[in-house]
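**Q** The structure follows.
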Amino acid sequence: MLDHIGNLSRSHYCGSIGPSDIGKQITVMGWVHKRRDLGGLIFIDLRDVRGIVQILIPPELTDVFSKAESVRNEYVLAVKGEVCPRSSGNVNPNMPTGMIEVTASELFILNDTLPLPIQINEAALAEEDLRLTYRYLDLRREKLQKIIIMRHRMVQAIREFLNRENFLDIETPILMKSTPEGARDYLVPSRIQPGKFYALPQSPQIFKQLLMIGGFDRYYQIAKCFRDEDLRADRQPEFTQLDIEMSFASEEQIFDLLERLMAHLFKTVLERELVVPFPRLSYADAMNRFGSDKPDTRFGMELVELSHLLRETEFAVFKTALEANGVVKAVVITGGGNYSRKQQDALIELAKHNGAKGLAFAKVGDNGLEAGITKFLNPQEIAAILFETGARSGDLIAFAADSWEMSCKVLSAVRNRIAVDEKLIPEDSFNFVWITDFPIFARNEEQNRWEPAHHMFTMPKEEHIPWLTQPDKIGQILGQLYDLVCNGMELSSGSIRCHRYDIQKQIFDVLGFDEADLKDRFGFFLDALKYGTPPHGGIAPGLDRMVMIFSGAESIRDVIAFPKTLKATDLMSKAPSEVPEAQWQELHLKPAD
């Protein structure tokens, strides 16, 4: 028999009661986390979003005791009673409310439950797909609740900081025109205008620039964005970013703003001091030293360039790569000289998985290089390699000989794998780094054309603007582009925008847009640039990734209340779903044959 509580209201959260409340008459409400029947006594651990408190059911209250005998885990209860100190032998130092308990005077069963299809217990978790199917139950787990609460606190701290910095929170449209990356847009058919589609925004990029043109000076938004792409552990089809744009801003001002924001978040949310300013690396330096524009700088193992030492080598693998304008790079695995053939083969497979033909190895012994490729190198080359890499006896050197891009990619993968396997990454550390000076253009050799390497609305570095009309210089043009990276994860991308029509038009010319295409896709934006556009720039930290970093979550799905799977499906609501034929007809569409 379930109870009705009428006007009874909760006076305290379960996890918020402490010794200062001893003697108070209180009312708590929540779920039965655990019930222990000791014969003469019943103890119930009652749980709500703030924590757990122990309820003592005294046997002399026969009606209350009888009800308590019938409750099971995850029943929903309301309990009235007095806060009392626990007996000395009953204190639980591992529990925030472990010094007290509530002696019940009344107990109300507000709802019962069917047997749960998943366990709330962290030690007995079901497979993720089953937990996502019953996400509303999975969310009762303390770990997930703490992460979602942390996310709330981060958003509040962000708003507090940016409001203090005179930023305005302005919403931009969700239904917009398809972007240049249209293949990744989620499209929404228009019922009123047959055959036409809206697109859900991958970013509010153009609109926030238009707000700067509109004179709003400092804008931010906790923006929902959508991208129809293959997913990974750190991606979702719908995601949230902190979108920021500033007029009359330099790169230095944006760096300073983000560093102070991160320091504020660390102090407010994690109660830690963050050292600022953050180190900076150019894109070229990051790739050369770490093999990645998202380097994890919590550990060493930097890549070493060997091409200049091996120009005259007769070792066919190196010689072939260098003659094809490739490079030879290496990374030293400290203490890796004892790696078995199986361990080396696993690294070779990793290299192949990343698109390379393989890896070469050489062990370092007391007398220099030994085993591996040593027999193919002359004494001068061996000496030069040992000097350049700084490798010592007992180490293993891994070599990549390929294009610059592939060599960087492969050795970055090796570096990261070794760091995990050898436990080189310090726990509970946060290493931020700015990556700057990205190329604006990337060459698509298959289609024989230039593509945006990063962001097509970026202002080139001032000294590179003349190169926009020099075909042989296009690949060397660097933009006022920057990424903020933490622990090997890109948290944010941004740039100083191109506020001049003539320069933006030149960028589009390099990318091969014709006049008709430009007018169709960007006509309104290009027109806006003609009407007194201020210099401006911005950045957009990914909120989901920030919460991952702050909370230590392994998957982005753990920081979103209702996430999608790697196949972009919602197992709980069964989205996406089919719709009736009448809806197709109303939208002037028909299913594919």
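For the sequence shown, the positions run 3 to 595 when this note's numbering is used.
All C-beta atoms, glycine included, are put in the ideal place defined by N, C-alpha and C.
(1) Less than 7 Å between C-beta atoms, sequence neighbours within five positions excluded: which residues of the same chain meet that for Pro-428?
(2) Per the DSSP calculation, Pro-441 is bridged to which residue(s)?
(3) Taking Val-561 and Ala-555 to be in contact with their CB atoms under 8 Å, please state how far apart those CB atoms are, rounded to whole angstroms.
(4) Only counting the same chain, and skipping five residues up and downstream in sequence, which positions put a Cβ closer than 6 Å to that of Glu-424?
(5) Assess, as a yes-or-no matter, whether the stretch 384-394 is touched by the stretch 406-425 under the definition of 3 or more beta carbon pairs within less than 8 Å.
(6) Could you spell out where the beta strand (DSSP E) holding Pro-87 opens and where it closes?
(7) Output needed for His-538: all residues of its chain with C-beta closer than 8 Å, excluding positions within five of it in sequence on either side, in chain order.
(8) Could you give the uninterrupted runs of the beta strand (DSSP E) lying entirely in the stretch 488-574, keeping only those of 3 residues or more?
(9) Counting only the same chain and skipping the five closest in sequence on each side, list residues whose C-beta sits under 6 Å from that of Ile-335.
(10) State the start and end residues of the unbroken beta strand (DSSP E) segment that holds Arg-245.
(11) Going by DSSP, what residue range makes up the beta strand (DSSP E) through His-35?
(12) I'd like the span of the beta strand (DSSP E) that includes Ile-399, first residue to last.
(13) Alpha carbon to alpha carbon, how far is Ser-68 from Ile-7?
(14) If we ignore side chains and look at the alpha-carbon of each, how far apart do Phe-228 and Asp-572 end up?
(15) Helix, strand or coil for Lys-226 per DSSP?
(16) For the alpha helix (DSSP H) holding Trp-586, just list the boundary residues, first then last.
(17) Work out the CA separation of Phe-199 and Gln-478 for me, nearest whole Å.
(18) For Lys-36, I'd like the list of residues in its chain whose CB is within less than 7 Å of its CB, leaving aside the five on either flank, ordered along the chain.
(19) Where does the unbroken beta strand (DSSP E) through Lys-365 begin, and where does it stop?
(20) Sorted by chain position, which residues of the same chain lie with C-beta nearer than 6 Å to Leu-263's C-beta, five sequence neighbours on each side aside?
(21) If I'm right that Ile-387 touches Leu-308 with Cβ under 8 Å, what's the distance once you round it to whole angstroms?
(22) Helix, strand or coil for Phe-280? Go by DSSP, reduced to three states.
(23) Does the stretch 47-59 come within contact of the stretch 126-138, defined as at least 3 CB pairs closer than 8 Å?
(24) Whole-angstrom Cβ separation of Phe-596 and Tyr-222, contact assumed at under 8 Å?
(25) For Gln-382, is the classification buried or exposed, using 16 other Cβ atoms within 10 angstroms of its Cβ as the cut-off for buried?
(26) Residues in the same chain with beta-carbon distance under 6 Å from Tyr-188, minus the five sequence neighbours each way, listed in chain order, please.
(27) With Leu-361 and Phe-401 assumed to form a contact (beta carbons below 8 Å), what rounded beta-carbon distance in angstroms separates them?
(28) So, with DSSP's three-state summary, where would you put Gly-53?
(29) State buried or exposed for Arg-451, treating a residue as buried only when at least 16 other CB atoms are found within 10 Å of its CB.
(30) Would you give the residue range spanned by the alpha helix (DSSP H) that Phe-199 belongs to?
(31) Just to confirm, are Leu-483 and Leu-493 a CB contact at a threshold of 7 Å?
(32) Taking Cβ to Cβ, would you say Arg-282 is nearer than 7 Å to Trp-436?
**A** If we stick to the structure as given:
(1) Taking the first residue of the sequence shown as 1, we reach residue 428 at position 426. Arg-300.
(2) If you number the sequence shown from 1, residue 441 lands on position 439. BP columns for Pro-441 point to Leu-480.
(3) Counted from its first residue, the sequence shown places residue 561 at position 559. Counted from its first residue, the sequence shown places residue 555 at position 553. So it is a contact: roughly 5 Å between Cβ atoms.
(4) The sequence position of residue 424 within the sequence shown is 422, counting from 1. So the list is empty, once near-sequence residues are dropped.
(5) no
(6) Residue mapping note: residue 87 aligns to position 85 of the sequence shown, counting from 1. 78-87 is the extent of the beta strand (DSSP E) around Pro-87.
(7) For the purposes of this step, residue 538 is taken as the residue at position 536 of the sequence shown. Within the same chain, His-538 has close Cβ partners Gln-211, Met-214, Glu-247, Met-248, Ser-249, Phe-250, Ala-251, Ile-498, Arg-499, His-501.
(8) 491-498, 538-543
(9) By one-based count along the sequence shown, residue 335 stands at place 333. Result list for Ile-335: Leu-398, Ile-420, in chain order.
(10) Residue 245 sits at position 243 when you count from the first residue of the sequence shown. The identity of residue 245 in the sequence shown is Asp, whereas the question assumes Arg. Taken as a continuous stretch (DSSP letters only), the beta strand (DSSP E) holding Asp-245 covers 240-249.
(11) Along the sequence shown, one-based indexing puts residue 35 at 33. 27-39 is the span of the beta strand (DSSP E), which, as asked, contains His-35.
(12) What you label residue 399 is simply residue 397 of the sequence shown in a count that begins at 1. Its beta strand (DSSP E) spans residues 398-404.
(13) Position 66 of the sequence shown, counted from the start, is the residue given in the question as residue 68. Position 5 of the sequence shown, counted from the start, is the residue given in the question as residue 7. For Ser-68 and Ile-7, the distance between alpha carbons rounds to 18 Å.
(14) To locate residue 228, count along the sequence shown from 1; it is residue 226. To locate residue 572, count along the sequence shown from 1; it is residue 570. If you take the alpha carbons of Phe-228 and Asp-572, they lie about 15 Å apart.
(15) Within the sequence shown, the letter at position 224 stands for residue 226. Here Lys-226 sits in strand by DSSP.
(16) Here residue 586 is taken as the residue at index 584 of the sequence shown, counted from 1. Unbroken alpha helix (DSSP H) run through Trp-586: 583-588.
(17) In the sequence shown, the residue the question calls residue 478 occupies position 476. In the sequence shown, the residue the question calls residue 199 occupies position 197. Straight-line Cα distance between these residues: approximately 38 Å.
(18) On the sequence shown, position 34 is the one that residue 36 refers to. Only Asp-47, Asn-75 meet the Cβ criterion.
(19) What you label residue 365 is simply residue 363 of the sequence shown in a count that begins at 1. Run containing Lys-365: 362-367, per the beta strand (DSSP E) assignment.
(20) Taking the sequence shown and counting its residues from 1, the one referred to as residue 263 is at position 261. Cβ neighbours of Leu-263 beyond the five flanking positions: Phe-163.
(21) Here residue 387 is taken as the residue at index 385 of the sequence shown, counted from 1. Here residue 308 is taken as the residue at index 306 of the sequence shown, counted from 1. The pair is a contact, with the Cβ atoms about 6 Å apart (cut-off 8 Å).
(22) Reading the sequence shown from its first residue, position 278 is the one you call residue 280. Phe-280 falls in the coil class under three-state DSSP.
(23) no
(24) No information on residue 596 is available, as it lies outside the stretch 3 to 595 that the chain covers here.
(25) For the purposes of this step, residue 382 is identified with residue 380 of the sequence shown, where counting begins at 1. Classification for Gln-382: exposed.
(26) Here the question's residue 188 lines up with position 186 in the sequence shown. Leu-202, Phe-228, Asp-230.
(27) Counting from 1 along the sequence shown, the entry for residue 361 is found at position 359. Counting from 1 along the sequence shown, the entry for residue 401 is found at position 399. Yes, Leu-361 and Phe-401 are in contact; Cβ-Cβ is about 7 Å, under 8 Å.
(28) Counted from its first residue, the sequence shown places residue 53 at position 51. Note: Gly-53 maps to strand in three-state DSSP.
(29) In the sequence shown, the residue the question calls residue 451 occupies position 449. Under this definition Arg-451 is an exposed residue.
(30) Within the sequence shown, the letter at position 197 stands for residue 199. It is not in any alpha helix (DSSP H) - Phe-199 instead sits in the beta strand (DSSP E) that spans 199-201.
(31) Here residue 483 refers to the residue found at position 481 of the sequence shown. Here residue 493 refers to the residue found at position 491 of the sequence shown. Cβ distance not < 7 Å, so Leu-483 and Leu-493 don't count as in contact.
(32) For this step, residue 282 is matched to residue 280 along the sequence shown. For this step, residue 436 is matched to residue 434 along the sequence shown. Yes. Within cutoff.
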